[in-house]
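If you read the sequence shown in the working numbering, its first letter stands for residue 306, the second for the next number, and so on.
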Amino acid sequence: MFGVVFIAGWLYSTLTQQRNALVGQHGLQAFLFLVLGIYFIWFWSRGGQTVAMRAWHLRVVDAQGRPVTQFRAALRYLAAWLWFLPALASVHLLGLDHSTGAIFGAMTAGIAGYLLLARLHPQRQFLHDILCGTRLVTQRPAPRTPAAQPAGDA
C-alpha cells in the first residue's frame, strides 16, 4: 500500500504542480480515495486477494463462496470505510480536528468497537461484509510434494 499511495501522491502533485502539501490537500485526498478504490476493487474482483491478503492466506468471496463481482467489490470498498467514518465524524463534530491525540483516541476506540462487533457476530463477519454479502475465507496454499529422488540415488 505504501508504494501505491506514494506513486499516486507523486503523480497528483506532479500533474497539479502542487508545491505545498497543505494546498490542494482535499483534492489529493479525493484522488487517493479513488486510487485506493481502484486498487482494492481490481484485486478483489480479479482473484479475491490483494497482495497482503495473499501473504495472510485470505480471500474475499460472496456469500455462496463465488468470486466477487466488480460491483460487489466496489460496495465492499465503500462500506469498509465504516471502520473509520464514525470516529472521524465524531472528532469533526466535537471540533477536535486539529488534536492528534483526540483523532488517535477516537480512531482506536472506533476500530476496537468495530472489531468487537465482528467478534460478537455468530460467523465472526465484519459489518461491511454482512452489508455487502461478502465474507473472508482462509485459503491455504496446496502442500508441497517432496521432489522425486533421482534414479541413481538410494
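Here a beta-carbon is modelled for each residue, glycine too, at the ideal position from N, C-alpha and C.
Reference residue 341; option with closest CA among 379, 324 and 366: For residue 341, the closest alpha carbon among the candidates 379, 324 and 366 is that of 379.
How close, in whole Å, do the beta carbons of residue 382 and residue 416 come, if the pair is a contact with beta carbons under 8 Å? Contact doesn't hold; Cβ gap of about 17 Å is too wide.
In angstroms, rounded to a whole number, what distance separates the CA positions of residue 353 and residue 376? 13 Å
From 312, 413, 370 and 435, pick the residue whose C-alpha is nearest to that of residue 344; which is it? 312
Do residue 412 and residue 394 have their CB atoms nearer than 9 Å? Result no, Cβ atoms of residue 412 and residue 394 do not sit closer than 9 Å.
Is it buried or exposed, residue 386, if we count other Cβ atoms within 10 angstroms and call 16 or more buried? Residue 386 comes out exposed.
Measuring CA to CA, which of 401, 351 and 363 is closest to residue 445? 363
Under three-state DSSP, which class holds residue 405? helix
Which whole-angstrom value is the C-beta distance of residue 314 and residue 321, which I expect to be below 8 Å? Their Cβ separation, rounded to whole angstroms, is 11 Å, which puts residue 314 and residue 321 out of contact at 8 Å.
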